[in-house]
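Notes follow once the structure below has been shown.
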Amino acid sequence: MSAFHDLYTGRLWSIMSWEQLTAFWGRIDPAGGWYLYAVGEAPPGEPAEATATSNFMHHVDELLRREHHHDYCAIVYADDVEKPSFIKIYDPNNLGVSCGFSDNPPLPGWIMCQVPPDDLKPPHPLPEGRKRWWSKLFN
Numbered sequence: 071m072s073a074f075h076d077l078y079t080g081r082l083w084s085i086m087s088w089e090q091l092t093a094f095w096g097r098i099d100p101a102g103g104w105y106l107y108a109v110g111e112a113p114p115g116e117p118a119e120a121t122a123t124s125n126f127m128h129h130v131d132e133l134l135r136r137e138h139h140h141d142y143c144a145i146v147y148a149d150d151v152e153k154p155s156f157i158k159i160y161d162p163n164n165l166g167v168s169c170g171f172s173d174n175p176p177l178p179g180w181i182m183c184q185v186p187p188d189d190l191k192p193p194h195p196l197p198e199g200r201k202r203w204w205s206k207l208f209n
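Start counting the sequence shown at 71; every next residue gets the next number (the numbering used here).
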């Protein structure tokens, strides 16, 4: 098994509130060698530059707050909420059962990790709107 697989299937902690999410983003060093992976796209071969990581965190935060119509977050998970090295971010429009038990849990929308990601091979292609959103971040 890969280091990515171990982190992906390991214990993760939920960022429950929007206030916790704001503080969480502030603890992440954008220059920390983050691979930014949109599940459904090809996994990145190298870590993103610090500016791209900052840009991604800003825009994914906006997207989550705009499209997750709840007064709580609970769709961002990390291996360590104080000093994360692996972060799963669920797409508010494809949640299914993202916590608890499910025979078919949904894949996250995005992963930030400090190890090279494995291709998760989702069963369905990314929606066109998410593809456009992702490509605008990096073009």
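Ideal Cβ positions, reconstructed from N, Cα and C, are used throughout, including at glycine.
Give the list of continuous alpha helix (DSSP H) stretches no shorter than 4 residues that lie fully inside the region 74-161.
88-96, 120-137, all fully within the region 74-161.
Looking only at its own chain, which residues have a Cβ that is under 7 Å from the Cβ of Gly102, when we skip the five neighbours before and after it?
The answer, listed in chain order, is Gln184.
Measuring CA to CA, which of Leu77, Pro154, Pro114, Asp76 is closest to Tyr105?
The candidate whose alpha carbon is nearest that of Tyr105 is Pro114.
How many Å lie between His138 and Trp88 at the Cα?
Those two C-alpha atoms are separated by around 11 Å.
In terms of alpha-carbon separation, which member of Ser124, Gly110, Pro197, Pro178 lies closest to Arg97?
Taking only the C-alpha atoms, the option nearest Arg97 is Ser124.
Might you give, ordered along the chain, the residues of its own chain that have their beta carbon closer than 6 Å to the beta carbon of Tyr147, omitting 5 neighbours on each side?
Around Tyr147: Leu82, Ser84, Lys158.
With a 10 Å radius around its C-beta and 16 neighbouring C-beta atoms as the bar for buried, classify Pro187 as buried or exposed.
Pro187 should be labelled buried.
Can you tell me whether Cys169 is helix, strand or coil according to DSSP?
The predicted model places Cys169 with a pLDDT of 48, which falls under 50 and marks its position as unreliable, so this point remains unresolved.
Measure the CB-CB distance between Leu190 and Val109 and report whether it falls below 9 Å.
Closer than 9 Å, so yes.
Looking only at its own chain, which residues have a Cβ that is under 8 Å from the Cβ of Glu152, when we skip the five neighbours before and after it?
Arg97, listed in sequence order.
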